[in-house]
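**Student:**
There are 2 protein chains.
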Amino acid sequence: MSRILAVGSVAYDSVETPFGARKEILAGSATYFSLAASHFVPVAVVAAVGDDFKASDLDVLASRGVDLSGVQRLAGRTFRWAARYSDDLNDRTTLSTELGVFAEFKPSIAAAQRQSPYLFLGNIDPDLQRGVFEEMEPPRLVACDTMNFWIEGRRAALDLTLAVIDLLVINDAEARLLSGESNLASAARKILSMGPKALIVKRGEYGAAVFGSGFVFFVPALILEGVVDPTGAGDSFAGGLVGCLAALDRPGPEIRGKDGGWIEEAALRTAVGAGTVMASFTVQGFGVEGLLAASAEAIEKRQGDLARMAGWTPTRLPLRRQR
Amino acid sequence: MSRILAVGSVAYDSVETPFGARKEILAGSATYFSLAASHFVPVAVVAAVGDDFKASDLDVLASRGVDLSGVQRLAGRTFRWAARYSDDLNDRTTLSTELGVFAEFKPSIAAAQRQSPYLFLGNIDPDLQRGVFEEMEPPRLVACDTMNFWIEGRRAALDLTLAVIDLLVINDAEARLLSGESNLASAARKILSMGPKALIVKRGEYGAAVFGSGFVFFVPALILEGVVDPTGAGDSFAGGLVGCLAALDRPGPEIRGKDGGWIEEAALRTAVGAGTVMASFTVQGFGVEGLLAASAEAIEKRQGDLARMAGWTPTRLPLRRQR
């Protein structure tokens, strides 16, 4: 059984950035998440693809040991998304979104996967997210992503989902929108009162701020040359984060904090660092190519670079050695 | 003799933020810089004020031991600036700029101040900056600020100034404009080739990235509630940074790096942390009120908060104990 069950999209993206363009390349939140997390623990994906989805693209995920038994192949087209990035890569315009089979997607969890101790709810309808959660044996940790579309359009459903999750992983703008607070510290306080035990605020090229019970900390992004395509950075970040947390977890209370906090600060900091490192590979290639090129050695080295940049005592990441 | 000589503006600002409005309050780059730096070493200011400048406002600077013998009082009005901030405080619109006596300002350095070992060149015309530098005995360290107005309008003069300074302290957008590079790492490499031994890129609420010979590191901003007015944050940051560096400096080579680097990474990290802490007080009040309210004890405590947030082994700041 996989340590993590991840629900999200497996898709084809077309992107244009100042550094090039690619058409219909393998992408989607569950793709990036699972490729990143698979460096730490076994991952299973629950998603839907169309009958146009290439076997060679499933092989990419399988090559990293991702369990694809929960990927439904439905009649119709695979989810497609197209976007163009600004010159500094900080803004993007969505050119088209074609839901395809994703419009009918009803996640269903096989009996064998209902006991996965970690659950990642990718950015889909909050009712679907909660439906997946309710099919599971209570996991040790539930992490969740969302976006402005759900925050604005499905708030009541989202509130019910927020009440059952442990870790919310969103960006600055989403945190402000969800809380109605422009000050980030105030926004975080409000969001933590909605249910999540910890909030990870992704701030793109600046890093991530983490808020929990009695702590707040910051993990910088690596400052790198050769950044060509930010697509998937947030999902790769979540994959490294949740994958590393799952790998650090041991039976018993180790990663459960004192005085009401669920997640211990030290483990969370290491895991957010792991997410940062995985995202740094993603942005250095189009689609998944940067992430796929990352060897365990390269990940370890970059973790050392991050520790030096951030001023931390270096620690080793709990990478899987097998392949 | 003061350890730092700071050239810049002493001004009256009118600001509107979502949290309130203030009219004609004490401000200016040299004001914020010197109030922040004075917690670490003695500072002298070179600036000009008009005949309308209130003695009580000079008393504010004098109360922190700032040497005001280089502040010229000229016939005419004090420099005034008015601005309105956006709801999230990240953008501002300049409503008016009235140069007043600042239009005729020709800095002149008294003989006694020409041997100050640290020189801060606030954001003024690059020729004036270089004129001040040339009046000095060669300082141990020259730090410099600039802005889009000089980068776009006085580039040749600015290039000559960049060639003589050690530390350039600018923001993201200025670094991109100065280098013509949108990637920050590429921008930094190019700027370091223009002369500065180290580049500090201020990123507002996100923190600061630091680039030197053979190192790059990041210092996060403190995530705080009660932020009401960002005016002066950058100058307070520079004051804490240069003040702390000056306080850490001892006769001999301690803060000079190996292999061509002028400034040692560890000292610079501590100093950037000090700048971050001083800026955090400034933004919690209008004008200088947040900075003035910061006691040595509060500064030490906040330095501890920063170390915890950043994941550093806590270190003490080299604060002056006398008052």
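So the sequences go chain by chain: A and B.
Residues in the first sequence are numbered consecutively from 4, following the working numbering.
Residues in the second sequence are numbered consecutively from 4, following the working numbering.
Glycine is no exception: its CB is placed at the ideal position from the N, C-alpha and C atoms.
(1) Which residue marks the beginning of the alpha helix (DSSP H) containing A:S99, and which one marks its end?
(2) When the distance is taken between beta carbons, is B:N126 closer than 8 Å to B:D148?
(3) CA-CA distance, B:P233 and B:T34?
(4) Given this structure, state the Cα-to-Cα distance separating B:P129 from B:V135, to the nearest angstrom.
(5) Can you check whether the C-beta of A:A299 is within less than 8 Å of a C-beta belonging to chain B?
(6) Below 8 Å between beta carbons: does that hold for B:V63 and B:F289?
(7) Skipping 5 residues on each side, what residues in its chain have a beta carbon closer than 6 Å to that of A:E268?
(8) Residues of chain A with CB under 7 Å from B:S189, in chain order?
(9) In or out: A:F284 buried (at least 16 other Cβ within 10 Å) or exposed?
(10) Let me know if A:P223 comes out buried or exposed under the rule of 16 or more other beta-carbons within 10 Å of its beta-carbon.
(11) Taking 8 Å as the threshold (C-beta atoms), are B:A313 and A:G307 in contact?
(12) What residue ranges within the stretch 13-92 of chain A form continuous alpha helix (DSSP H) runs of no fewer than 4 residues, ordered along the chain?
(13) Any idea if A:N151 is buried or exposed, counting beta-carbon neighbours within 10 angstroms, 16 or more meaning buried?
(14) Less than 8 Å between the CB atoms is what I'm expecting for B:L171 and B:I154, so what's the real figure, rounded?
(15) How is the beta strand (DSSP E) around B:K205 delimited, first residue to last?
(16) How far does the alpha helix (DSSP H) with A:G307 in it extend, from its first residue to its last?
(17) Please tell me whether B:G31 and B:P45 are closer than 8 Å, where the distance is taken between their beta carbons.
(18) In chain order, what residues of the same chain have a beta carbon less than 8 Å from the beta carbon of A:L294, not counting five sequence neighbours either side?
(19) Just to confirm, is the Cβ distance from A:L131 to A:P110 under 8 Å?
(20) Looking at the C-beta of B:D262, does it have a partner C-beta in chain A at a distance below 8 Å?
(21) Anything in chain A within Cβ reach of B:M197, meaning under 9 Å, just list it in chain order.
(22) State the start and end residues of the unbroken beta strand (DSSP E) segment that holds B:N174.
(23) Find the residues of chain C that neighbour A:P223, judging by a C-beta separation of less than 9 Å, and give them in chain order.
(24) Does DSSP put B:V10 in a helix, in a strand, or in coil?
(25) Does A:R206 get closer than 8 Å to chain B when you measure Cβ to Cβ?
(26) Measuring only the C-alpha atoms, how far is A:D169 from B:S182?
(27) A:F218 bridges to which residues according to DSSP?
(28) Taking 8 Å as the cut-off, decide whether the C-beta atoms of B:E228 and A:A188 are in contact.
(29) Suppose contacts are defined by Cβ-Cβ distances below 8 Å. Is A:T273 in contact with A:L251 by that definition?
(30) Which residues share a DSSP beta bridge with A:A146?
(31) Mind checking A:L103: buried by the 16 CB within 10 Å criterion, or exposed?
(32) Pick out whichever of B:L180, B:A146, B:A86 has its Cα sitting closest to the Cα of B:A24.
(33) Going by beta-carbon coordinates alone, are B:R6 and B:A249 separated by less than 8 Å?
(34) So is A:K200 buried or exposed if we call it buried at 16+ other beta carbons inside 10 Å?
(35) Which of the three DSSP states is assigned to A:G210 in this structure?
(36) Rank A:G207, A:A299, A:Q118 by C-alpha distance to the C-alpha of A:E177 and give the top, closest one.
**Tutor:** The short version:
(1) Careful: A:S99 lies outside any alpha helix (DSSP H), inside the beta strand (DSSP E) at 95-101.
(2) yes
(3) 15 Å
(4) 10 Å
(5) no
(6) no
(7) F218
(8) E228
(9) Buried, because 16 or more other Cβ atoms sit within 10 Å of the Cβ of A:F284.
(10) buried
(11) Pairing A:G307 with B:A313 gives a Cβ-Cβ distance that is not under 8 Å.
(12) 32-40, 58-66
(13) exposed
(14) That belief does not hold up - the Cβ atoms of B:L171 and B:I154 are roughly 11 Å apart, past 8 Å.
(15) 201-205
(16) Unbroken alpha helix (DSSP H) run through A:G307: 299-313.
(17) no
(18) Y35, L38, A39, G235, S239, M281, F284, T285, G288
(19) yes
(20) Reliability of the predicted coordinates at B:D262 is poor, the pLDDT of 45 falling under 50, and no value is obtained from them.
(21) Under the 9 Å cutoff, chain A gives no residues; its nearest Cβ is about 18 Å from B:M197.
(22) 170-174 is the extent of the beta strand (DSSP E) around B:N174.
(23) In the structure shown, chain C cannot be found, because the protein chains are A and B.
(24) B:V10 falls in the strand class under three-state DSSP.
(25) yes
(26) 43 Å
(27) A:G215
(28) yes
(29) yes
(30) A:F123, A:L170
(31) The question names Leu, yet the displayed sequence has Gly at residue 103 of chain A. Buried, because 16 or more other Cβ atoms sit within 10 Å of the Cβ of A:G103.
(32) B:A86
(33) yes
(34) Buried is the label assigned to A:K200, since at least 16 other Cβ atoms lie within 10 Å of its Cβ.
(35) coil
(36) A:G207
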